[in-house]
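Everything below concerns the one structure shown next.
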Amino acid sequence: NAGVTQTPKFRILKIGQSMTLQCAQDMNHNYMYWYRQDPGMGLKLIYYSVGAGITDKGEVPNGYNVSRSTTEDFPLRLELAAPSQTSVYFCASAHTEAFFGQGTRLTVV
Amino acid sequence: TQLLEQSPQFLSIQEGENLTVYCNSSSVFSSLQWYRQEPGEGPVLLVTVVTGGEVKKLKRLTFQFGDARKDSSLHITAAQPGDTGLYLCAATPFNKFYFGSGTKLNVKP
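Structure representation (structure tokens):
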């Protein structure tokens, strides 16, 4: 049982480049979330989804976009990378508790 | 303004000591959750408290939900190096998982 799978684990981007962080879950959860975590800090909610085709903004959505075409997948898109987006990104799916992937460590230089 | 305020932000203690960390809010919640995050990993659920005044024990960890359901505490008895990690409280208003800023605990042998 894989749970929540995130790819890639590490990535270095140049300022202005774009990328998509992938997230897949196999628990058939309707709710999925993207967070960013800066060093030593808690988790800030970027976007969330309550089911396929439905997404909404969290606390810090600027500079990011998401889509949810299937129950399993919830990719996060960075269009024009900026140094302020250097962080660790976590995807989670939930029913009554949140299950997290192992994170993507992104550095923008 | 954070929805959930955690204190202290950092805690460094010797093995065998007791400690308490706090999670406070001005909002009322139907439940609160506590997660622990180890370096390089996503957070993992420890407990969910759902009733005002509720006390739950998980081995040496004792969790309490405030009577007014606005705050919670986590008490660790006789801390061990294996307790080292980031402790996060979480609330789920409107199906969004919001996390506090966390308490980073270091237990020295």
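Going down the list, the sequences are from chains A and B.
Under the working numbering, the residue at position 93 of the first sequence is numbered 93, and the numbers go up by one with no gaps.
To get the working numbering, take the position in the second sequence, counting from 1, and add 109.
Using N, Cα and C, we set each Cβ at its ideal position, and we do this for glycine too.
Model, not experiment: these values are computed from the prediction.
CB contact below 8 Å: residue i versus chain A
i: residue 173 of chain B; result: no
i: residue 182 of chain B; result: no
i: residue 152 of chain B; result: yes
i: residue 157 of chain B; result: yes
i: residue 141 of chain B; result: no
i: residue 196 of chain B; result: no
i: residue 206 of chain B; result: yes
Residue i versus residue j - alpha carbon distance
i: residue 82 of chain A; j: residue 91 of chain A; result: 20 Å
i: residue 139 of chain B; j: residue 72 of chain A; result: 28 Å
i: residue 216 of chain B; j: residue 30 of chain A; result: 38 Å
i: residue 22 of chain A; j: residue 125 of chain B; result: 42 Å
i: residue 15 of chain A; j: residue 211 of chain B; result: 30 Å
i: residue 134 of chain B; j: residue 104 of chain A; result: 30 Å
Span of the beta strand (DSSP E), counted from its first residue to its last, around residue i
i: residue 182 of chain B; result: 180-185
i: residue 92 of chain A; result: 87-94
i: residue 24 of chain A; result: 19-25
i: residue 168 of chain B; result: No beta strand (DSSP E) contains residue 168 of chain B, which DSSP labels as neither H nor E.
i: residue 114 of chain B; result: 114-116
i: residue 121 of chain B; result: 119-123
i: residue 68 of chain A; result: First-last for residue 68 of chain A: undefined, no H or E at that position.
i: residue 56 of chain A; result: 54-57
i: residue 133 of chain B; result: 128-133
i: residue 156 of chain B; result: 153-158
i: residue 217 of chain B; result: 212-217
i: residue 12 of chain A; result: 10-13
Contact check, residue i vs residue j, beta carbons under 8 Å
i: residue 24 of chain A; j: residue 55 of chain A; result: no
i: residue 26 of chain A; j: residue 3 of chain A; result: yes
i: residue 60 of chain A; j: residue 36 of chain A; result: yes
i: residue 146 of chain B; j: residue 112 of chain B; result: no
i: residue 156 of chain B; j: residue 172 of chain B; result: yes
i: residue 132 of chain B; j: residue 120 of chain B; result: no
i: residue 122 of chain B; j: residue 188 of chain B; result: yes
i: residue 183 of chain B; j: residue 197 of chain B; result: no
i: residue 89 of chain A; j: residue 80 of chain A; result: no
i: residue 206 of chain B; j: residue 47 of chain A; result: no
i: residue 199 of chain B; j: residue 137 of chain B; result: no
i: residue 9 of chain A; j: residue 102 of chain A; result: yes
i: residue 179 of chain B; j: residue 118 of chain B; result: no
Chain E within 8 Å of residue i, Cβ atoms only
i: residue 215 of chain B; result: The structure shown has no chain E; the protein chains it does contain are A and B.
Residue-chain proximity (residue i, chain B), Cβ-Cβ < 8 Å
i: residue 102 of chain A; result: yes
i: residue 79 of chain A; result: no
i: residue 24 of chain A; result: no
i: residue 58 of chain A; result: yes
i: residue 97 of chain A; result: yes
Listed in chain order, which residues of the stretch 114-136 of chain B have Cβ atoms closer than 9 Å to some Cβ of chain A? 115, 118 and 119
Along the stretch 30-56 of chain A, what residues have a CB closer than 7 Å to any CB found in chain B? 31, 33, 40, 41, 42, 43, 45, 48 and 50
For the stretch 10-22 of chain A, list every residue whose C-beta sits within 7 Å of some C-beta in chain B, in sequence order. none
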